[in-house]
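One structure is given here, and the rest of the page talks about it.
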Amino acid sequence: MKIKNGDEKPEEKILDAALEVVIEKTICGTRMHLIAERANMVQSNLHYYYKTKNDLMLALQKKVLKRCLEIRERLKAEAKNTLEDQLEVFIKQKLEFIVNEQEYDFAEIDFWVQGHINPDIQAAFAASFEGWRKEIGAMLDKYEPGLPKQKREYLPYLIVSALEGASIQYLIDKGRFDLEEYFQFCKSIIIKEINE
6 MKIKNGDEKP
16 EEKILDAALE
26 VVIEKTICGT
36 RMHLIAERAN
46 MVQSNLHYYY
56 KTKNDLMLAL
66 QKKVLKRCLE
76 IRERLKAEAK
86 NTLEDQLEVF
96 IKQKLEFIVN
106 EQEYDFAEID
116 FWVQGHINPD
126 IQAAFAASFE
136 GWRKEIGAML
146 DKYEPGLPKQ
156 KREYLPYLIV
166 SALEGASIQY
176 LIDKGRFDLE
186 EYFQFCKSII
196 IKEINE
């Protein structure tokens, strides 16, 4: 990913630079001066927009989530109005992140790790997972309103785990398994569980 120049807003330029630095150095290794250098600005200008590294990392976490939601909304608009197609939206969004926008997925994994030591990041990450589970739950309520209580409660957790688990395993050991086959297998298990 290369920093865009020109008409890009300073905040976006900083966030793009921050994403690049995080991918290279991890969040722990990221320093404000490295982001300023990558964004071709002096560090004091960076602090005008983001007072602290924590403020900047929280903004970057929001950018990653926003990109995820943008992809999902585009896919929803293209999907048919069936449970299977709507479930496929979540799968295709994760697949697109893993294959075409790995920098976002690597950052997301790093935010998950940082959530262990940073309560602000943990809270933001927990909120994004809760939003994801609510969205999946709403899909289940719409297409399978009679699901038993336990299935309705735990299927969103299972689906998120299957999607996130693919990222962790695939990005560490690319080529170990066929990602598309994995997702179709997961989908068949989920549909089978819903229909039982």
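For reference, each letter of the sequence shown is one residue, going 6 to 201 in our numbering.
Ideal Cβ placement from N, Cα and C applies to all residues, glycine included.
- Buried or exposed (CB count within 10 angstroms, at least 16 for buried), C191: Burial check for C191: the Cβ neighbour count within 10 Å reaches 16 or more, so the residue is buried.
- Message: Here's the rule I'm using: 16 or more other beta-carbon atoms within 10 Å means buried, otherwise exposed. How should P150 be labelled?
- Response: P150 is exposed by the Cβ-count criterion.
- Report yes or no: do three or more beta-carbon pairs, one from the region 31–42 and one from the region 58–66, lie closer than 8 Å? Under the Cβ criterion (8 Å, minimum of three pairs), the region 31–42 counts as touching the region 58–66.
- Task: Return the first residue and the last residue of the alpha helix (DSSP H) that K67 is part of.
- Result: DSSP places K67 in the uninterrupted alpha helix (DSSP H) bounded by K58 to E83.
- Item | Range covered by the alpha helix (DSSP H) that runs through T31 | Counting along the chain, the alpha helix (DSSP H) containing T31 begins and ends at P15 to G34.
- Query: So, helix, strand or coil for P124, using DSSP?
  - Reply: If DSSP states are grouped into helix, strand and coil, P124 belongs with the helices.
- Helix, strand or coil: how does DSSP classify M46 here? Of the three classes helix, strand and coil, the one that applies to M46 here is coil, per DSSP.
- Task: Would you mind sorting E75 into buried or exposed? The rule is 16 or more other CB atoms within 10 Å of its CB.
- Result: In this structure E75 is exposed. Its beta-carbon is surrounded by fewer than 16 other beta-carbon atoms within 10 angstroms.
- Item | Check whether R157 and L176 have beta carbons under 9 Å apart | No, Cβ-Cβ distance for R157 and L176 is not below 9 Å.
- Would you call S166 buried or exposed, if buried means 16 or more other Cβ atoms sit within 10 Å of its Cβ? Counting Cβ neighbours within 10 Å, S166 comes out exposed, since fewer than 16 surround it.
- Query: Just reading off the alpha helix (DSSP H) that F95 is part of, what are its end residues?
  - Reply: F95 -> alpha helix (DSSP H) spans L88 to N105.
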